[in-house]
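Asks: For any residue, its number in the numbering used here is found by taking its place in the sequence shown, counting from 1, and adding 3.
All residues carry an ideal CB built from backbone N, CA and C; glycine is no exception.
Please find one structure pasted underneath; my questions will follow.
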Amino acid sequence: MLLGTVLVLLLLGSAGTASAHAALESTDPADGSVLKSAPRALTLTFSESVALLDDSFRVYDPDNRRVKTSSAHHAKDAGDTASVTLPAKLGTGTFTVAWRVVSADSHPVSGAFTFSIGKPSATTTPISTAPNENPLTASLYDTARYFAYIAAALLIGTATFLALCRPPNPTVLNKPILTGWWTLLASTLALLILRAPYEAGTGLATAFDPAALPRTLTTRPGEALAARLLLLAATAAFLLRLRGRDRFGRVALGTGTALAVGLALTWASAEHASAGIQVPVAMTSAVLHLLAMSVWLGGLTALLTVLYRSPDLDAAPVARFSRLAFISVTVLVVTGIYQSWRGLGSWNALTGTSYGHILLVKLGAVVLLLAAAAWSRQWTARLAGAEVPLRVPELVKTGADGTPHSTSRGEGEALPDPGAGDGSPDGYRRGLRRSVLLEVAVGVIVLVITTLLTNTLPGRAAAEAQQTATPADIPAASVTMVPFRVGNAGGKVQITLDPGRVGLNSVEAVVYGPDGGFATVPELRLSFTLPSQKIGPLDANIKDEGGYWGTNSLNLPIAGTWTMKVTVRTSDIDQVSVERRVRIVR
């Protein structure tokens, strides 16, 4: 039942498109620029290191013919650049460049821009010439990532509980450990197979290209996944060797710790921590954060299993896990604060970026998780207190013949606690099962939110990209008011495009009701089409940010009068689409 709940939450969490994490800082030639002569090369500079694909650049002339270029390479050996050499003769007019690279944290990012030689010209090149995201490939890849996180927590946390908390019947934990190992193996293999089409944005069929897997194994994410498979093989051998033991020596504990750290490193070396500022500190923090999360949440699952499978469980293993959980929470708080600071960069990013909004939701969920943990600690303390032997003084009675004799409770029999139900250990175990079950449920939600954070552009990178993409002479943002009516109900949507120019734009859409007050709708969609150039529709992919709908990653590559289509859904069956024209300038 719990696994089914997890699956539903993960599938819902992966429904959106993943945000890329390397922000484009500049292009040479600049987006929308007009040159007197043809450039010899194209160079893109990003906010972090990027990996290049075989088809990272596609250049099209004004007649929509692809221009032959050199292979993509890093300019001047700088890992945060991507460059191609152009032919000596390009002609005149407007050229379109579609690009796609892979961020240092393993997420692909793509976009398009234009430049003109001599003077601008009409172009029929659609934006779809860039490799598009394949929804099925992206969803399967994200789902595999989520299952890998859950499996790691189950495997590491259950093994740690078994070794350090020493439950009386360790065999009940064999199934959770095997489930965690097999799930992590299957999800890792799936990630390895899906990596090539995920990077290229293509369908599942390309995963079986003979060159796909060898190329994946030469990339950092591929190397991390291959290392994870080797560590899983070593973990299997280690677990088989220790099977049946109820006590573990220093060598076994040291070996298990090394394997757990190695598994955690396969995540840290290929995600957020591996790019940006303070990489060594960030990777250390990421490893500790993942291990602490696994020990806590995986240990909670193990404790819940033991509570249900061993009804007569005494308080000692529970008390040991309580102390272990306290240490894990402390590590989570310290590393979480550091990672939040590193990802945000400023207080403004906490409320002004999608990363900050998701982080606030996670903080709220963590507060609930800590409250559930405190409740579990109370039940643990009551269970431990109920199992302390209490000797009851003898009750002296006088018989009918006047001879005194005594009666007493059984030695070691505990007096009932009038303030806590029936006061029996069984009653406390039932209470502890309920509190741990709540703790596991909230922990799953925290884990889902955490995986969503790994798919979101960090606030620091978003702020840097906005600064570099917004010169000081940019005019005021474009604001459009779009009235709508569905049946007898109506309202309006205020849409703000900032800066309202060619290139990267942020979108903020606010829905107002008929009385002029804020209104909520179940769905709001926004797309842009440039009919004169046959470009679009480009989906803005706006998301509900709590009070408004928005995104920071809308790229409008060409100046002109765009048709903005707004679709408002007010119920399961009622929706309306309204179009407005928006002028995008260079």
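So does the stretch 523-532 actually touch the stretch 569-579, counting three or more Cβ pairs closer than 8 Å?
Replies: yes
Asks: Tell whether a beta-carbon distance below 8 Å holds between arginine 223 and alanine 285.
Replies: The answer is no: Cβ separation not under 8 Å.
Asks: Answer with buried or exposed for threonine 304, where buried requires no fewer than 16 other C-beta atoms within 10 angstroms of its C-beta.
Replies: buried
Asks: In or out: alanine 81 buried (at least 16 other Cβ within 10 Å) or exposed?
Replies: So alanine 81 ends up on the exposed side.
Asks: Which same chain residues, not among the five before or five after glycine 302, have their C-beta less than 8 Å away from its C-beta?
Replies: Gly160, Thr161, Thr163, Phe164, Cys168, Phe324, Leu327, Ala328 and Ser331
Asks: Which residue comes first and which comes last in the alpha helix (DSSP H) that contains glycine 114?
Replies: That residue, glycine 114, is in no alpha helix (DSSP H); its beta strand (DSSP E) goes 111-120.
Asks: Any beta carbon of chain B sitting closer than 8 Å to that of aspartate 518?
Replies: No chain B appears in this structure, which consists of one protein chain only.
Asks: Tell me which residue opens and which closes the beta strand (DSSP E) that valine 569 is part of.
Replies: 563-572
Asks: Rounded C-beta distance between arginine 589 and glycine 35? I'm assuming under 8 Å.
Replies: The beta carbons of arginine 589 and glycine 35 sit about 4 Å from each other, so the pair counts as a contact at 8 Å.
Asks: Quick one: any contact between the stretch 267-274 and the stretch 225-238, if contact means 3 or more CB pairs under 8 Å?
Replies: The stretch 267-274 vs the stretch 225-238: in contact.
Asks: Kindly list the residues whose CB is nearer than 6 Å to the CB of alanine 147, restricted to its own chain and excluding five residues on each side of it in sequence; keep chain order.
Replies: Ser190, Ala193 and Leu194
Asks: Quick one: give me the first and last residue of the beta strand (DSSP E) that proline 540 is part of.
Replies: 538-542
Asks: Inspect the beta-carbon positions of valine 37 and serine 119 and report whether they are closer than 8 Å.
Replies: yes
Asks: What are the uninterrupted segments assigned as alpha helix (DSSP H) that are 4 or more residues long and contained completely in the stretch 327-378, given in chain order?
Replies: Within the stretch 327-378, the runs of alpha helix (DSSP H) at least 4 residues long that lie entirely inside it are, in chain order, 351-355.
Asks: Tell me whether methionine 484 is buried or exposed, calling it buried when 16 or more other Cβ atoms sit within 10 Å of its Cβ.
Replies: exposed
Asks: In the structure shown, what three-state DSSP assignment does tyrosine 551 receive?
Replies: coil
Asks: Which stretch, first to last residue, makes up the beta strand (DSSP E) that contains proline 486?
Replies: 481-489
Asks: Starting from asparagine 508, follow its DSSP beta bridges and name the residues at the other end.
Replies: Leu557
Asks: Does the separation of the CB atoms of alanine 85 and serine 59 fall below 8 Å?
Replies: yes
Asks: Is glutamine 536 near glycine 506, with beta carbons less than 8 Å apart?
Replies: no
Asks: On the premise that threonine 99 lies in contact with proline 123, defined as a C-beta separation below 8 Å, what is that separation, rounded to the nearest angstrom?
Replies: Rounded, the Cβ-Cβ distance is 12 Å, inconsistent with contact.
Asks: Rounded to whole angstroms, what is the Cα-Cα separation between aspartate 501 and isoleucine 587?
Replies: Rounded to the nearest angstrom, the gap between the Cα atoms of aspartate 501 and isoleucine 587 is 11 Å.
Asks: Which residue marks the beginning of the alpha helix (DSSP H) containing lysine 178, and which one marks its end?
Replies: For lysine 178, the uninterrupted alpha helix (DSSP H) segment begins and ends at 177-203.
Asks: Which partner residues of glycine 494 appear in the DSSP bridge assignment?
Replies: DSSP, once it has assigned bridges, lists Phe487 as partnering glycine 494.
Asks: Across which residues does DSSP place glutamine 578 in a beta bridge pair?
Replies: Arg572
Asks: Rank Ala107, Phe487 and Thr46 by C-alpha distance to the C-alpha of serine 277 and give the top, closest one.
Replies: If we check each option's Cα against that of serine 277, Ala107 comes out closest.
Asks: Tell me where the beta strand (DSSP E) around glutamate 526 begins and ends.
Replies: 526-533
Asks: If you draw a straight line from the alpha carbon of serine 597 to that of leucine 27, how long is it in whole angstroms?
Replies: Given that the chain is displayed from residue 4 to residue 589, the structure contains no residue 597 and the question cannot be resolved.
Asks: Where does proline 396 sit, in a helix, a strand or coil, going by DSSP?
Replies: Low local confidence applies: a pLDDT of 40 at proline 396 is under 50, so the model's placement there is unreliable, with the coordinate-based value given in what follows. The answer is coil: DSSP assigns proline 396 none of H, G, I, E or B.
Asks: Assuming leucine 262 and alanine 237 form a contact by the criterion Cβ under 8 Å, report the distance between their Cβ atoms to the nearest whole angstrom.
Replies: 6 Å
Asks: Taking contact to mean 3 or more Cβ pairs, one atom from each stretch, closer than 8 Å, check whether the stretch 199-216 and the stretch 179-186 are in contact.
Replies: no
Asks: From alanine 133 to tyrosine 63, what does the alpha carbon distance come to, in whole angstroms?
Replies: Its pLDDT being 44, under 50, alanine 133 is placed unreliably in this model, and the coordinates cannot settle the point.
Asks: Roughly how many angstroms lie between the CA atoms of serine 357 and glutamate 548, to the nearest whole one?
Replies: Distance from the CA atom of serine 357 to the CA atom of glutamate 548, rounded to whole angstroms, is 7 Å.
Asks: With distance defined between alpha-carbon atoms, name the residue in Ala91, Leu55 and Arg68 nearest to serine 74.
Replies: Leu55
Asks: Buried or exposed: where does glycine 550 fall if 16 or more other Cβ atoms within 10 Å of its Cβ makes it buried?
Replies: exposed
Asks: Who are the near neighbours of histidine 360 in its chain, counting only those whose CB is closer than 7 Å to its CB and skipping five residues on each side?
Replies: The answer, listed in chain order, is Glu548 and Gly549.
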